[in-house]
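Take a look at the structure below.
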Amino acid sequence: MTERPEQPDWLKEIEAFFEWYTDLFGNQFYLQEEVEEPAVPSATHAAPTPAKPKTPRVRKEHPLTPLQKFFQEIKDCQKCALGKTRTKFVFGVGNEHADIMFVGEAPGRDEDLQGEPFVGRAGQLLTRMLEHIHLKREDVYIANILKCRPPNNRDPLPEEVRECIPYLHRQIEMIQPKVLVALGRVAAQNLLNTKQSLSQLRGKVMEYRGIPMIITYHPAAVLRNMNLLDVALEDFRFIARFVKEVVDKPKNS
Ligand code: URA
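Count the sequence shown with this note's numbering and you get residues 717 to 969, in order.
Here you go:
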């Protein structure tokens with residue numbers, strides 16, 4: 717097998733830029749608009765014209781969306797001790813107008829490094845489960861109870877949740893999803909403010925501040941016990957049917 721040659725630095729820099737950009741603005745790229753230069757006259761014998769001053773580039777301002785503004789406001793948060801140990805603040809990713817919003821527990825190692833939720837092994841499984849119901853990551857919104865990684869992926873501490881969860885409440889308020897999906901016990905218990913177990917909560921439609929909420933297994937739990945995969949996929953098919961019902965339902969019915 718031939719070894720892949722080491723990437724040149726300029727390519728690494730471009731990749732890092734796009735990673736940073738998509739973290740911040742999603743997959744939409746805003747291009748700078750240029751004023752069109754007048755056509756150069758084609759006459760070959762025309763007297764040389766003095767050099768024209770360059771037409772200034774017009775930069776079209778794209779105001780930040782409310783969520784992007786919110787990210788800017790909170791990205792340097794130091795309200796709990798995790799602010800000191802994180803690599804990146806993991807705000808959330810996806811469609812700001814999504815019908816479905818998924819909530820996990822907290823960033824793991826890969827998420828902490830990349831600044832995006834669910835990009836490690838559990839995230840790859842989540843992506844596959846979304847594909848199973850014909851959705852892409854860009855169709856939904858994905859966030860976590862905590863924005864920063866707890867050391868060694870331990871469970872979030874109550875004081876960390878207390879400081880951080882208001883950010884998530886605000887994101888949900890802005891996105892206004894039709895359906896919320898809690899991935900695992902920690903997400904479900906903290907959003908519903910309950911101590912009920914996952915098995916008590918799974919398989920029903922609960923309610924979070926007027927929004928229907930479905931609770932399913934955390935993809936990391938499925939990776940630890942692949943016997944759960946079938947049931948988890950059944951949950952996803954249920955989510956797809958439920959969302960279709962809610963979205964298709966005429967108002968006032
Ligand atoms: N587990 C989570 O709960 N969230 C992530 O973002 C990654 C793994």
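Virtual Cβ for every residue (Gly too), placed ideally from N, Cα, C.
- For TYR933, DSSP assigns no beta-bridge partner whatsoever.
- Runs of beta strand (DSSP E) with 3 or more residues, each lying fully within the region 910-968, are found at 921-924, 927-932, listed in chain order.
- Annotated three-state conformation of VAL877 is helix, per DSSP.
- DSSP places ASN860 outside any alpha helix (DSSP H); the residue lies instead in the beta strand (DSSP E), whose first and last residues are 857-860.
- Relative to ligand 1, ALA936 has its C-beta within less than 7 Å of a heavy atom.
- By the Cβ rule, the region 850-861 does not count as touching the region 938-949, because fewer than three pairs are nearer than 8 Å.
- Short of 7 Å from the beta carbon of ARG802, and not among the five residues preceding or following it, lie these beta carbons of its own chain, in chain order: ASP828, CYS864, ARG865.
- For the pair VAL856 and GLY810, the CB atoms are nearer than the 8 Å cut-off.
- Taking C-beta atoms under 8 Å as the contact rule, GLU876 and LEU798 qualify, at a distance of about 6 Å.
- The Cβ atoms of PRO966 and MET845 lie no closer than 8 Å to each other.
- For ALA898, the enclosing beta strand (DSSP E) stretches over residues 895-899.
- Annotation: GLY808 to PRO833 spans about 6 Å, alpha carbon to alpha carbon.
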